[in-house]
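Notes to accompany the following structure.
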Amino acid sequence: MTTPTRAPLRVPFADLWGMRIEHPYSLLVRAGGHAWTCGQCPLAPDASVLTPDDLVGQAGPVEGYIRHLLDKAEYSPADVGKLVLYHALDEAAATDRLLSHFRSKFPGAILMPVATPFFYYPGMRLEVDVHAAERRAPLVTRDEALGLRLQAVDAGDLIWVSLEVLDPPQGALDGDAVRDALRAAVGVSADALLADHWFVSGSGAGPTLDALGQAGLVTDPGAAVGATLAPGVVAMGELTFAGGGAASLATPAHPGVAIFARSSRSHFWIAARSLSPSLSVVGETQAIMAGIADTLRARGWSFESVCKATTHYVGSSSPADLHDNMSVRNAYYRRPGPASTGLPVAAFPLSSSQIAVDVLGMIE
């Protein structure tokens, strides 16, 4: 178990760059020996886009923001365990340069490139989530013969894993073999899964997630995001395991909402998705947030304990699409709130939902 040496910290959003809507979120949250950022964007304090329409050019200011926040949290680039690089689809050479830039600046971190169809401010082409830890083991990488690529960082209470499933795998994907590969690589059992995000591409996504779900590695296939992944990759999982084990929790019934919850001895995770396709995105967001609130209340937890919130929604490049559903989510938090990331996506290929929200927090 990680024994934190630094007190909890929430870096106010006004510290670096801004958005075009008032909100209660933090640029970085440090708690329990770990730190999470909101999605770091190439924006100025007035929310204007820096080096518009230049993916590689935007890597510089975003990296600068990350370093500034790490300094605030008394962390270094060597403490970064995972970077999720949401980026607008560009030519392969630009994506390669983007990855090369962040690989050189944050050696030993998991890099997860996820191409999105667009961002909510014209000219913006990059948003980066950062996960860091006071104490972390070296990066583990494995290329498995059964059609997997695995990266993992053991950060004590939390273990971060990127799992890529290659297309086509050698015959049908064997979920038990995936579990064995995880155990061999980082000594973690699928039963210790605390949180997961899945990104899928191509027609093989459904059977792939079915097999992974049977292995206990997919919480909700309907929340899987359709995305453009690296060549030859049919699915990519951003997985968080609990070093001391995790357990699924019963959740209050909430009509029209699928809710999932897990907890470890130090963290909780709650994910929700609307099952009412007749609702608007705002209507789905309202139902989802009410369901998450009920689940927190039933366990004696609160939104004040949330460290990281992630939202994927089907929308356009219009800022209004983000701001409309964001205003619903904002109402559940008070400053200083969690580090929050919200992104438009092309679709949830395995469901009719328009938005999925999850929150990761500390158990007091």
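Its first residue numbered 95, the sequence shown is counted upward by one per residue in this note's numbering. Backbone N, C-alpha and C define an ideal beta-carbon position, used for all residues, glycine too. Please read these numbers as outputs of a predicted model, since none were measured by experiment.
The closest CA to that of Val-222, considering only Ala-182, Val-451, Leu-257, is found on Ala-182. The way I'd put it, the segment 229-249 doesn't touch the segment 289-307; fewer than three beta-carbon pairs between them come closer than 8 Å. If you look at Tyr-407, you'll find it isn't in any alpha helix (DSSP H); it sits in the beta strand (DSSP E) that goes 400-408. Just measuring C-alpha positions, the residue of Ile-457, Pro-430, Asn-419 sitting nearest Ile-449 is Asn-419.
Secondary structure at Gln-448: coil, using DSSP grouped into helix, strand and coil. Within the same chain, and ignoring the five residues on either side of Gly-455 in sequence, the residues whose Cβ sits closer than 6 Å to its Cβ are Phe-362, Ser-399, Val-400, Cys-401. Ser-295 sits away from Ala-279, with the two beta carbons spaced by 8 Å or more. Excluding the 5 residues flanking it on each side, Arg-230 has same chain C-beta neighbours closer than 6 Å at Gly-175, Val-247, Ala-249, in chain order. If you ignore the 5 residues before and after Gly-151, its C-beta comes within less than 6 Å of the C-beta of Thr-145, all in its own chain and listed in chain order.
Just so you know, the alpha carbons of Gly-241 and Ser-256 end up roughly 14 Å apart. The alpha-carbon of Gly-126 is positioned some 5 Å away from that of Pro-98.
For Val-294, the enclosing beta strand (DSSP E) has its first and last residue at 287-294.
Around the beta carbon of Arg-219, 16 or more other beta carbons lie within 10 angstroms, which makes this residue buried. In this structure, Leu-233 lies near Gly-202, with their beta-carbon atoms less than 8 Å apart. According to DSSP, residue pairing for Val-319 in a beta bridge involves Phe-293.
DSSP places Asp-274 in the uninterrupted alpha helix (DSSP H) bounded by 269-280.
According to the DSSP assignment, Ile-457 belongs to no beta strand (DSSP E), since it is labelled neither H nor E. Our two residues, Leu-110 and Val-453, have alpha carbons roughly 24 Å apart in a direct line. DSSP places Arg-356 inside the beta strand (DSSP E), whose first and last residues are 351-357. In the DSSP assignment, Gly-436 is bridged to Thr-405. Apart from the 5 residues on each side of it in sequence, Asp-270 sits with its Cβ closer than 7 Å to the Cβ of Ala-309 in its chain, given in chain order. Rounded to the nearest whole angstrom, the C-alpha separation of Asp-314 and Leu-323 is 20 Å. The three-state reading of DSSP puts Asp-223 in strand, counting E and B together. Just measuring C-alpha positions, the residue of Ala-403, Ala-141, Gly-300, His-417 sitting nearest Leu-444 is Gly-300. Counting other Cβ atoms within 10 Å of its Cβ, Pro-371 stays below 16 and is therefore classed as exposed. Buried is the label assigned to Gly-337, since at least 16 other Cβ atoms lie within 10 Å of its Cβ. Within the same chain, and ignoring the five residues on either side of Val-272 in sequence, the residues whose Cβ sits closer than 6 Å to its Cβ are Ala-309. Under DSSP, Leu-137 forms a beta bridge with Val-143.
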